[in-house]
Amino acid sequence: MTQKLIYLLDQFEFEKFYVPPILRCTSTEQEISNHVHFVRRDYYRYRVSYYHDKERKVGEESYDDWRYIFDNSGIVYVTGGPGYGKSLFLKKIINDFEKINIFNSTEYLVIYGDLKAFYSEGDKPLSMVTFLQDSMVKETLMDRKFFPIEMIEYYLKLGRCLILFDALDEVEKQKREDLHKRIIAYFKNQNPNNKICITSRSRGFIPEKDVEVFDILPLDREQIESYVDNIIKLGKFDKKDKKIFLEQAEVLVNKGFLNSFLILSLLINIYKAERELPENKMELYQKCFEYIAYKREKEKTKAKFDWNLISYMMKENTFMELARMCFPNNCDIGKKEIVEMLCDTYKGKYTSMVETERAAENFLIFCSDRTELFVPAAGEDRFKFFHRSFFEFFYAQYIFVRVSNVEKVYELLKKFDVDSEVFELTLAMMKQKDEMRYQELVEYLFDEADKEASMSRTKFVAFNILTLGMQVIDDNIYIQRYIDYILKNSEQIVRNIKYISSDYIIYSLINENKEYVDKVNKIYNPYSTAHVIISFLNMYQEFDTYLGQRKYQEIKEEPGIEFFSGRFYVRTLENFYVRFFLENTDYSSILDEISEEKFENLMIQCKLTKRRREKYQRLLSEYLLLDKERQSNLQKMMLTNPRIVKII
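Residue numbers (the numbering used here): 4 to 651.
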């Protein structure tokens, strides 16, 4: 049985602590046949929460989504937020691959590959088969003669490879897109019976066409309790503390803070030490550092380590410098470079360079053995932060402490992709410890966002950073200015919406104030209306095929029929302004109110190109050729505002 670290606790058998995630299929191009594709656990939640199905038996739903991810596609993505358990999910597949819903699954060759290693020889990527061979060598620590290229190629041709690519998001930003396309193109030209799973952070992730996406949902209360129960069984948490811990955790779940297994693991240990829980990420990571790097370890390890020798290095300054060296995305770094940095930084603290080097060596041994913060990487004598989130926390500290000029801060932030936590952490540190610089940076971000909005084409770099920062910016003046920006620049936002990556943050911020919602609905109404109509015209033929010669009244009681309006909703729900329109508008008769002339004027108002207008006019003309009864049946089937709204 594979053992895996539970953060700050110990090494345990995987199955004794692991709680599989809840997956939701987010692919919008799924064929609609007799039902809409929902992962089974999501389906049950939908039934219980929104249709109050009292006949469901306890235990009917199980944590087995992972078994079915390849049911419809040989290549899939598994995405999720920081610390959501993407890598652990792959370990689950490795451990129990014979249980996965694949024909003759026991015959598959399972290969795990860390995608950061694809460019281990510099800017030139390895060949695919060489990378697979290297990955097998790293994971097994066996000689490559046991994994000849010919053997891997044989299994690929046979269609008997189960390949798990981890952490696409940790590949350097400049190389990521090319590597992504390379992987998909390569395996689409191999035997389709091979199974490929690629993990990545979800924010800002753009899937390749026709590849199914499964998103790991944030933790729910049931998962949290299951995890705590597992830790209690392992003897690492007191059963008497469970009720109080879950009550405090409930508050953090409602705030949207407790959403991942990493945070849950950290909270359990901080609660054990302090009997109360931190309320935000910055406080969490700060307490985590104090706990693992000093408070706990000084007492536990002073017999094994000379604490007086390494204590000079066991400070935040060291980890800030290590984060600087691990840029970007927590790249692993060599022991030699680390020792040189430590000796150069702390040579004045010791009596000789020999003693300084001995302290540096002991520091790395201590980190490897005890801290679970900065740990050995896969390569020999190479190190990295245990989790990318810790790298980002200390890099945010590096920016806060080392970089005073806000323009330079902005230039550093731009080097991170939108899936990073460094934006909110940097602003949170400034807000707490340097109010004037915090205000100066926020003002600068608004100024840069205004410049972007004045351009005919923009990728909204500053606006995306500002949006991520709004998770910690709660000043009324800045919230109002942000909303004004959304309202003032509607045309630019709609035109370049594909570059806006944190749509859910915009939605949440606007949704806190009914006045904001009404203003957005009014300003964006033409765009939302056009979007819904175009979505209908692009999809109605699929629904029409299902409807066949029947009438809506004949099929409305069929099992699963309620999902069709939900499916239209999900596939139409691409951005914040359409979501507000769908949630606050009766759009059931939107097609009754449109004519070809009105539709043309609407599309002109929304600045659609002539080519797109002609395409959608053709689709509308085809739809209008249907008899009125059939049009009515399709509209009832697709445009009934579903009760599924709040599950998204």
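Note that CB positions come from ideal geometry on N, CA and C, so glycine has one too.
DSSP places Y447 in the uninterrupted alpha helix (DSSP H) bounded by E438 to A456. Under the three-state reduction of DSSP output, K352 falls in the helix class.
Each residue's CA atom was taken as its position, placing V378 and V256 some 30 Å apart. Taken in chain order, no unbroken stretch of beta strand (DSSP E) lies wholly in the region 573-623 with a span of 3 residues or more. Residue burial annotation: K418 is exposed, with fewer than 16 other C-beta atoms found within 10 angstroms of its C-beta.
DSSP places S203 within a strand segment (E or B) once states are collapsed to three.
Closest by C-alpha distance to Y543, out of Y619, C329 and S531, is Y619. Taking all protein chains in view, the Cβ of L345 is crowded by 16 or more other Cβ atoms within 10 Å, so the residue is classified as buried. The beta carbons of F73 and K198 sit closer together than 7 Å. Taking the C-beta atoms as reference points, G86 is found nearer than 7 Å to L265.
D223 and E410 have their alpha carbons spaced roughly 40 Å apart. Three or more beta-carbon pairs drawn from the region 322-337 and the region 172-191 are found closer than 8 Å, and the two stretches are therefore classed as touching. Annotation for D137: no beta strand (DSSP E) segment contains it, though the alpha helix (DSSP H) segment containing it runs M131 to T143. By the Cβ-count criterion, G83 is buried, with 16 or more other Cβ atoms from all chains shown falling within 10 Å of its own Cβ. Judged by pairs of C-beta atoms under 8 Å, the region 152-167 touches the region 186-205, as three or more such pairs exist. F579 is a Cβ neighbour of Y510, given a cutoff of 7 Å. With the rule of 3 Cβ pairs closer than 8 Å, the region 149-163 counts as touching the region 108-118.
The region 512-519 and the region 588-600 do not touch, with fewer than 3 CB-CB distances between them shorter than 8 Å. Across the set I496, C609 and Q474, the C-alpha of I496 shows the shortest separation from the C-alpha of R460. Look at C329 here: in three-state DSSP terms it is helix. Counting every other CB atom within 10 Å of its CB across the protein chains shown gives Q136 a total of 16 or more, marking it as buried. Going by DSSP, G472 is part of the alpha helix (DSSP H) stretching over V464 to G472. Inclusion of I526 and T470 in the CB contact set at 7 Å is not warranted, their separation being larger than that value.
Closest in C-alpha terms to E253, from the list Y488, I209, E279 and L430, comes E279. Separation of the CB atoms of I336 and F20 is rounded to 30 Å, and the pair is thereby denied contact status at 8 Å. In this structure the region 467-481 touches the region 445-454; the number of beta carbon pairs closer than 8 Å is three or more.
Counting only the Cα atoms, I97 lies some 53 Å from E632. Excluding residues up to 5 positions away in sequence, F396 lie with their Cβ nearer than 6 Å to the Cβ of Y288 in the same chain.
At least 7 Å separates the beta-carbon of V404 from that of F217. In the structure shown, C164 falls within a strand segment according to DSSP collapsed to helix, strand and coil. Judged by their CB atoms, F150 and M139 are nearer to each other than the 7 Å cut-off. The region 200-215 makes no contact with the region 227-245: fewer than 3 CB pairs, one atom from each, lie closer than 8 Å.
The straight-line gap separating the alpha-carbon atoms of R185 and G116 is approximately 15 Å. The residues L430, M433 and K434, in chain order, have a CB closer than 7 Å to that of Y441 in the same chain once the five nearest residues on each side in sequence are set aside. Across the set K610, P23, Q638 and E577, the C-alpha of Q638 shows the shortest separation from the C-alpha of Q556. If you draw a straight line from the Cα of K436 to the Cα of V475, it comes to about 14 Å.
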